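Trainee: Before I ask anything, let me first share the structure, which is written out below as structure tokens.
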Amino acid sequence: MVPRLKILYFFLDLILPLTVGYILCRRPRVMRVLDKVMVVNLMTLGPVLSTLSFWAIQLRPALLWLPFLGLAMQLIPGGVAFLRARRKFVDPRDQGSYILSTMLSNRGTVGVLTAFLLLGEASYAPAQLIMLLAPAVTYFFCFPLAQRFRTEHGEHQHSRPPLISSLFNRNMAPALGIIAGLALNYSGMKRPDVMATAFPWLLHANMWLFILPLGAAINLDKMHCYWRDICELLGIKFVLTPAVVYALARLANLARENIPVVVILACAPTAILAVVAVKLHDLNIHLAMAAFVLTTLTYLVVILPALGYLFG
């Protein structure tokens, strides 16, 4: 894929849907539709893409390092943020929002799209392996952590979500696709060639249906007072985390073709899931949204061109 076409796809699949979603945020009826579309997309195209990708992946023992490197991408920035949060903020709600905004990165959309555009379809399956443990970290660590900070604030008490609902819910639908893809891969059945042609179009559709609601969640008017507080996230997310993860990948003797995927995903900006977790637990949503916007804009203006130069 030529560089100009890569840039065009990135604009069409990320910047444009974010902009359209932001414009549509003033229409409550449209917002409700977008929320439903996002859920349907998660339960349909998400599993399909995972199945197609893992069906074709060449499984090797060296790939087993990828989920643990993905775990490091969350624990490294999360640990730094945990040490910094109590020094920076007094209100536990601010502390929780800061930690979640640092720990949860947009690897599933921005990271995967960047890897796909720069490295091709071969990057999708390793990227999914990198994020394999992400649901467990989200539901068994990040959500309880958010609840802890909300309880510490002391205004309202909320019960933690049941263990069963954390393990079996619609957000886990793409994991079923991974299982199905691995089963087909193990069976020795060859993936139809037409799937290779359909894969990019399905991925573009998946990005649009997921990113539109993200753009609609942006509220710039209520975020301006938090820019200074979250500026150091840029160093944690875009310098410290990818540097440490890259060193770990080299120590693990990871295959050379997978190291660019690891670096790209380690550079992902704050995830909208951080905003969702903050909102569910009544923490500081405007701080989390400010982190999402600041890191995403920095990613588009600075980090993406740098990654394109390195791996394009």
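Everything in the sequence shown is counted per the working numbering, starting at 1368 for the first residue and increasing by one. Built from N, CA and C at the ideal position, the CB exists for glycine as well. Every value quoted in this text rests on a predicted model; they were computed, and no experiment measured them.
1. Take residue 1619 and list the residues in its own chain whose beta-carbon comes closer than 7 Å to its own, dropping the five residues that flank it on each side.
2. Kindly indicate which three-state DSSP category residue 1637 falls into: helix, strand or coil?
3. Within the chosen definition, does the segment 1610 to 1626 reach the segment 1450 to 1467 through at least 3 CB pairs nearer than 8 Å?
4. Look at the alpha carbon of residue 1437 and the alpha carbon of residue 1471, and state the distance between them as a whole number of angstroms.
5. Checking the sheet assignment: what are the DSSP bridge partners for residue 1472?
6. Determine the extent of the alpha helix (DSSP H) in which residue 1437 is found, giving its start and end residues.
7. Counting only the same chain and skipping the five closest in sequence on each side, list residues whose C-beta sits under 6 Å from that of residue 1499.
8. Would residue 1502 and residue 1542 qualify as a contact pair, given that the criterion is a beta-carbon distance under 8 Å?
9. Assign residue 1555 to buried or exposed, taking buried as 16 or more other Cβ atoms, counted over all protein chains shown, within 10 Å of its Cβ.
10. Provide the residue span of the alpha helix (DSSP H) that contains residue 1676, from first to last.
11. If the criterion is Cβ atoms closer than 8 Å, does the pair residue 1635 and residue 1655 meet it?
12. Determine the burial state of residue 1577: buried for a count of at least 16 other Cβ atoms within 10 Å of its Cβ, exposed for fewer.
13. Pair every Cβ in the segment 1407 to 1427 with every Cβ in the segment 1582 to 1597, then say whether three or more of these pairs are closer than 8 Å.
14. Out of curiosity, what's the CA-to-CA distance linking residue 1411 and residue 1403?
15. Around the Cβ of residue 1422, are there at least 16 other Cβ atoms within 10 angstroms (buried) or fewer (exposed)?
16. Secondary structure at residue 1528, three-state DSSP: helix, strand or coil?
17. Does the distance from the CB of residue 1639 to the CB of residue 1473 come in under 8 Å?
18. Would you kindly work out how many angstroms separate the C-alpha atoms of residue 1546 and residue 1409, rounded to a whole number?
19. Here's the rule I'm using: 16 or more other beta-carbon atoms within 10 Å means buried, otherwise exposed. How should residue 1606 be labelled?
20. Can you tell which of 1497, 1575, 1506, 1424 has the C-alpha that lies nearest to the C-alpha of residue 1553?
21. For the candidate residues 1628, 1644, 1657, 1600, whose alpha-carbon lies nearest to that of residue 1487?
Mentor: For this structure:
1. As a first step, residue 1619 is located in the sequence shown; it is residue number 252 there, counting from the start. Same-chain partners within the cutoff: 1432.
2. Here residue 1637 is taken as the residue at index 270 of the sequence shown, counted from 1. Residue state, collapsed to three classes: strand.
3. no
4. For the purposes of this step, residue 1437 is taken as the residue at position 70 of the sequence shown. For the purposes of this step, residue 1471 is taken as the residue at position 104 of the sequence shown. Each residue's Cα considered, the two are about 11 Å apart.
5. In the sequence shown, residue 1472 corresponds to position 105, counting from 1. In the DSSP output, where bridge partners are listed per residue, residue 1472 has 1637.
6. Against the sequence shown, residue 1437 aligns to sequence position 70. First-last of the alpha helix (DSSP H) with residue 1437: 1432 to 1455.
7. To locate residue 1499, count along the sequence shown from 1; it is residue 132. Once the five neighbours on either side are set aside, the close Cβ partners of residue 1499 are 1434.
8. As a first step, residue 1502 is located in the sequence shown; it is residue number 135 there, counting from the start. As a first step, residue 1542 is located in the sequence shown; it is residue number 175 there, counting from the start. In contact: residue 1502 and residue 1542 (Cβ atoms closer than 8 Å).
9. In the sequence shown, residue 1555 corresponds to position 188, counting from 1. Residue 1555 comes out exposed.
10. Working through the sequence shown from its first residue, we reach residue 1676 at position 309. First-last of the alpha helix (DSSP H) with residue 1676: 1671 to 1678.
11. Working through the sequence shown from its first residue, we reach residue 1635 at position 268. Working through the sequence shown from its first residue, we reach residue 1655 at position 288. It is not a contact, given that the beta carbons lie outside the stated cut-off.
12. One-based indexing of the sequence shown puts residue 1577 at position 210. Flag for residue 1577 reads buried.
13. no
14. On the sequence shown, position 44 is the one that residue 1411 refers to. On the sequence shown, position 36 is the one that residue 1403 refers to. Cα to Cα, residue 1411 sits roughly 12 Å from residue 1403.
15. On the sequence shown, residue 1422 is found 55 positions in, with the first residue counted as 1. Answer is buried; the Cβ neighbour count reaches 16.
16. Here the question's residue 1528 lines up with position 161 in the sequence shown. Because residue 1528 sits at a pLDDT of 49, beneath the cut-off of 50, its placement in the model cannot be relied upon, and the point is left open.
17. For the purposes of this step, residue 1639 is taken as the residue at position 272 of the sequence shown. For the purposes of this step, residue 1473 is taken as the residue at position 106 of the sequence shown. For residue 1639 and residue 1473, yes; Cβs fall inside 8 Å.
18. The residue labelled residue 1546 in the question sits at position 179 within the sequence shown. The residue labelled residue 1409 in the question sits at position 42 within the sequence shown. About 16 Å.
19. By 1-based counting over the sequence shown, the position of residue 1606 is 239. Label assigned to residue 1606: exposed.
20. For the purposes of this step, residue 1553 is taken as the residue at position 186 of the sequence shown. Of 1497, 1575, 1506, 1424, the residue nearest in Cα terms is 1424.
21. Taking the sequence shown and counting its residues from 1, the one referred to as residue 1487 is at position 120. Ranking the options by Cα distance to residue 1487, first place goes to 1628.
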